[in-house]
Amino acid sequence: MPDRSYFILVVTAGIAACGGDTTTTTADVPVQVADSAGVRIVSYAHTPTTPPVFRLSAEPRYRHGASPGDYAIQEVSAGRLLPDGRAVVYDQWNVELVGLGQDGAPYEVLAAEGEGPGDVGHINALFVPGLDSILAADLNLGRMTLFAGDSVVRATNVRIPTYLGVKGIGSSGELLLATRWGPSDFDQAWLAGHMVRFDVRTGAADTVASYDFMPRIPPGLEWDPIRAVGEVVVATGRFVHVRTDRAEVAWYLPDGSLIQIVRWPAEPTLLTEQLLEPIEAEHRKSVRMHDPDLPDARVAEVARANMAAYRASIGRPLPLFSSPLADDEGRVWLPSYQARGELTAVPPYLVIGPDGEWLGTVEAPPGFRILDVAGGLVLGVELDEVDVESVVVYELVDTASRRRRPPGRWRL
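When we follow the working numbering, the leftmost residue of the sequence shown carries the number -17, and every step to the right adds one.
Right, dumping it as structure tokens:
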């Protein structure tokens, strides 16, 4: 079976020969590459079934959180890997920014809750602008704080509109923002979100593009438990938009120019009563945790009431994906939507290269949720059978069928 190196050569040759649109085959899948008004469109005839080009190592490099002397992790919501293999995570329950060594130890609390220059309120996102630095977006305090080692280098006050979230950093140091919430009552089929370029020095916010952000709640429902959304991440300085009910990924330059779309056919899963069973079990577990003295009959009653919107949605299509992430090489990781309880669901991740290359589906270990992929490592959090959370780092291992090639981007 032809491997991905063969695919690269064949498609590149096809473009060179015809100077325009081309159709070729990668392994078992015909793929068409077209140019439409300057937008590069990569269309797969059907979903490739080729093995992933990499996988997570069988054993993690380290776990941190469950051993004596470890940091007492409560709920990690963000994390980044530094180029030297160290990690920084934010525990939103403890409201602390924590640094971990290359082997997970020792740990150091870099910042805690407060309003001083080195304190944090609620960190919405973390970024790695340099070899030894972490940039924390703290929209509750209205500032961006740059940490280097265990020191605060700079805290910059920013006036970012509250409906926007920081998604990344542009090549000129500007912040790349996107809509993070909106009104719940609107008439359009989809509420528009906005991609925004923000100049930290001047405070100027420039809306560069709009996109499908959130669909209207279906008639008869007070809320939509399986609602699709439009998500934006930043991959190597470019906006990337994914609508979680579509098998499509779109890339935009920081100025809002649409430059690439990758598409493939995908059949959604319909919600069934059987798929609701683990979700209802988790609802019962959550009710019990909030009130341990509640009688079993009352726990079941509350859980059933909470499940009413789910049961009203039986027969509707589920989203294809959950929230995507981007790694340090510009690859986009799309976690498959899991019709299971959110606390225990661990999705496989479909990975798309920065030029539309299909890199396969990577399985995550049980209980492991990915936060960051960088430098050949995968940082995430793991929830064990007794709900103890740990920070875990795996290595990203090339599969045996993947040929070594010089670094750099491939071209269709």
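C-beta: ideal position from N, C-alpha, C; glycine also.
Opposing strand residues paired with residue i [DSSP bridges]
i	result
residue 72	60 and 79
residue 331	317 and 344
residue 196	173
residue 115	112 and 130
residue 233	222 and 242
residue 208	Residue 208 is not bridged to any residue.
residue 187	180
residue 372	364
residue 136	128
residue 38	378
Residue range of the unbroken alpha helix (DSSP H) whose run includes residue i
i	result
residue 176	Element bounds for residue 176: not the alpha helix (DSSP H) but the beta strand (DSSP E), 172 to 180.
residue 250	It is not in any alpha helix (DSSP H) - residue 250 carries neither H nor E in the DSSP assignment.
residue 284	278 to 288
8 Å contact criterion, which residue i and residue j should meet: CB distance rounded
i	j	result
residue 301	residue 194	Contact doesn't hold; Cβ gap of about 13 Å is too wide.
residue 49	residue 376	In fact, because the Cβ distance is near 18 Å, the residues do not count as touching under 8 Å.
residue 121	residue 72	About 13 Å; that fails the 8 Å criterion.
residue 372	residue 360	With 8 Å as the limit, residue 372 and residue 360 do not qualify as a contact, their Cβ atoms being about 14 Å apart.
residue 81	residue 92	5 Å
First and last residue of the uninterrupted beta strand (DSSP E) at residue i
i	result
residue 225	220 to 225
residue 24	21 to 26
residue 12	11 to 18
residue 147	146 to 151
residue 121	Note, residue 121: premise wrong, no beta strand (DSSP E); not H, not E.
residue 354	350 to 356
residue 91	89 to 94
residue 161	157 to 161
Local Cβ density within 10 Å of residue i, reported as buried at 16 or more and exposed below that
i	result
residue 171	exposed
residue 325	Its pLDDT being 47, under 50, residue 325 is placed unreliably by the model, and the measurement read from it follows with that caveat. By the neighbour-count rule (16 or more Cβ atoms within 10 Å), residue 325 is not buried but exposed.
residue 139	exposed
residue 179	buried
residue 296	exposed
residue 401	No answer is possible for residue 401: the residues shown for the chain start at -17 and end at 394.
residue 368	exposed
residue 136	exposed
residue 381	exposed
residue 329	buried
residue 320	buried
residue 12	exposed
residue 75	exposed
residue 201	exposed
residue 317	buried
residue 203	exposed
residue 225	buried
residue 280	exposed
Three-pair Cβ contact test at 8 Å for the region 27 to 35 versus the region 237 to 250: Enough Cβ pairs lie closer than 8 Å, so yes.
Contact the region 196 to 205 vs the region 266 to 273: 3+ CB pairs below 8 Å: Counting Cβ pairs under 8 Å, fewer than three are found: no touch.
Stretch pair the region 146 to 165 + the region 227 to 237: three plus CB contacts closer than 8 Å: With a cut-off of 8 Å, the region 227 to 237 and the region 146 to 165 count as touching, because enough Cβ pairs lie within range.
Inter-stretch contact (C-beta, 8 Å, three-pair minimum) for the region 113 to 125 and the region 65 to 75: Pairwise C-beta distances place the region 113 to 125 in contact with the region 65 to 75, as three or more of them are shorter than 8 Å.
Cβ contact check for the region 117 to 136 and the region 89 to 104: 3 or more pairs under 8 Å: Yes, the region 117 to 136 touches the region 89 to 104.
Contact between the region 180 to 187 and the region 208 to 215 (3+ Cβ pairs under 8 Å): Three or more beta-carbon pairs separated by less than 8 Å are not found between the region 180 to 187 and the region 208 to 215, which leaves the two stretches without contact.
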